[in-house]
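Residue numbers (this note's numbering): 2 to 91. By construction, the Cβ of each residue, glycine as well, lies at the ideal position given by its N, Cα and C atoms. Fair warning: this is a prediction, and the values are worked out from it, not measured in the lab.
Here you go:
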């Protein structure tokens with residue numbers, strides 16, 4: 002099993018195409034929301050690629066993230082009305 006350490010969202014977005022079931026068994030995403038439920042800086046590019054991958058198929062007909070077990074860890078303060086907005090979108 003290959004383990005990759007924590008990385009910022011934009012760095013993960015840069016290697017997004019390499020995130021496949023052939024290379025990884027699990028994907029753990031940890032994020033929060035701030036302000037009006039916005040993504041943390043450095044996370045928007047990864048979230049966009051994640052959402053695009055969930056909508057479409059690759060040229061060979063496969064789905065990039067199909068078969069990868071995953072979890073989203075959301076954190077923040079319940080004092081905010083938009084608590085967990087970004088993790089929910091993830």
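{"Query": "Euclidean distance between Cα positions of residue 7 and residue 32", "Result": "12 Å"}
{"Query": "Nearest residue (CA-CA) to residue 68, options 27, 46, 5", "Result": "27"}
{"Query": "According to DSSP, residues forming a beta bridge with residue 45", "Result": "Answer is none; residue 45 lacks a bridge partner."}
{"Query": "Whole-angstrom distance between residue 70 and residue 35, CA atom to CA atom", "Result": "27 Å"}
{"Query": "Residue 80 classed as buried or exposed, judged by whether at least 16 other C-beta atoms fall within 10 angstroms", "Result": "exposed"}
{"Query": "Residue 66, DSSP secondary structure in three states", "Result": "coil"}
{"Query": "Range covered by the alpha helix (DSSP H) that runs through residue 14", "Result": "10 to 15"}
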